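Which chain is which? The protein sequence lines are U and V, in order.
In terms of the working numbering, the first sequence has 104 at position 104, counting the first letter as 1, and numbering is strictly consecutive.
Count along the second sequence from 1, add 139, and you get the number used in the working numbering.
Note that CB positions come from ideal geometry on N, CA and C, so glycine has one too.
These figures come from a predicted structure and were not determined experimentally.
There are 2 protein chains.
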Amino acid sequence: MAARDNGISSMLFRNVMAKKLNLNLTESVCLTLLGINKVSTPSQIAKYTGLTTGSTTTMLDRLEKKGFIKRKLNPKDRRGIIIETDTKYSDVTSAMVVSVQKAHKKLISKYSEKELKIIEDFLSKFTNNMNTAAEEIEG
Amino acid sequence: MAARDNGISSMLFRNVMAKKLNLNLTESVCLTLLGINKVSTPSQIAKYTGLTTGSTTTMLDRLEKKGFIKRKLNPKDRRGIIIETDTKYSDVTSAMVVSVQKAHKKLISKYSEKELKIIEDFLSKFTNNMNTAAEEIEG
DNA sequence: TTTTATAATCAAGTATCTTGAAAATGAAGG
DNA sequence: CCTTCATTTTCAAGATACTTGATTATAAAA
Chain U
1 MAARDNGISS MLFRNVMAKK LNLNLTESVC LTLLGINKVS TPSQIAKYTG LTTGSTTTML
61 DRLEKKGFIK RKLNPKDRRG IIIETDTKYS DVTSAMVVSV QKAHKKLISK YSEKELKIIE
121 DFLSKFTNNM NTAAEEIEG
Chain V
140 MAARDNGISS MLFRNVMAKK LNLNLTESVC LTLLGINKVS TPSQIAKYTG LTTGSTTTML
200 DRLEKKGFIK RKLNPKDRRG IIIETDTKYS DVTSAMVVSV QKAHKKLISK YSEKELKIIE
260 DFLSKFTNNM NTAAEEIEG
């Protein structure tokens, strides 16, 4: 239940962030994935967001217009492109999350190395369960 | 980072679930919040999803038409109504999450009571940080 | 070198959202 | 009591975002 509530809160946190940045949820998700280098091409973005490639194109147009991303040539495939977040994105978001990151750091500092290991172990395995299940449901 | 990845995975899991149920993200979020009794009125749904009350009305129309929710009279306020999830919702979703829940239970069973206490403590405090930050950003 | 597959884009139609107003009820103050 | 202001939901019109299906270009395979 604690893990579930955590997921829900992160979702609600995203809602609030997105609203503040005048982004819709899809755009926010896209930028997050780009930010941690989970994705880097429109096709991948389409896959993870669940959008069609058509809407992905127009969504990227919007993000580019707002200055959050840039389209670059893909040296390995001349059909495709590479999407990168602009520094504007990290600037704007890091200003918003500075407070919560501070709180997180403080929280983490209260646990021993051993305890943190347990927590990290649980989280990564819990995450793995979800990823596996998502693939199952999808396929 | 593990906690962050967990949040992202739960988001991607939601995308997959929603797609499978022919729901958009907003509808999925709404049903989740209703399912755990975090919200029960259109106003609350509007607040947490970030929708206007107008779109909330039409979204609830869609969910009602699909048989996932029901509108009921609010005995405590005759201006408002109470939203409840229909059994159809829990039936459909529980079938989809049965596999991942099994995996989660198995994972949990591998930790001692003491370890679980640490994990639960961390998660609830981490969640709390996000809730607090969300309120700060919002206000 | 022909065929088939993949990547991104575009145009037209559909769905979903916002804005602003309406109707009904509640709450507060004289 | 009753006037005023706030709250809850709904609605209509317009704006925004999405899907579908086609197009162009390149890659990969036969």
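K70/U and T85/U have their C-alpha atoms spaced approximately 6 Å apart. Scanning chain U for C-beta atoms nearer than 7 Å to the C-beta of I258/V yields I118, I119, F122, reported in chain order. Between the beta-carbon of N6/U and that of T266/V there is about 5 Å, and that keeps the pair under the 8 Å contact cut.
Contacts between N129/U and chain V, judged by CB atoms closer than 7 Å, involve V239, A242, H243, L246 in chain order. Any Cβ of chain U closer than 8 Å to the Cβ of T224/V would place that residue at the interface, and such an atom is absent. In the DSSP annotation of this structure, the continuous segment of the beta strand (DSSP E) that includes T85/U starts and ends at 81-85.
In this structure, T32/U sits away from I276/V, with a CB-CB distance that is not shorter than 8 Å.
For I276/V, no pairing in a beta bridge is given by DSSP. Assignment of L21/U by DSSP, reduced to helix, strand and coil, places it in the coil class. In the three-state reduction of the DSSP assignment, K209/V falls in the strand class, which pools E and B. For G50/U, the chain V residues whose C-beta falls within less than 8 Å of its own C-beta are N154, V155, A157, K158, listed in chain order. Interface with chain U (8 Å Cβ-Cβ cutoff): N213/V is excluded. For the options G139/U, T132/U, A134/U, I118/U, the alpha carbon positioned closest to that of A141/V is the one of I118/U.
At least one beta carbon of chain U lies nearer than 8 Å to the beta carbon of T171/V. Taken atom to atom, the span from the alpha-carbon of I222/V to that of M11/U is near 21 Å.
In this chain, the alpha helix (DSSP H) harbouring K47/U covers 42-49.
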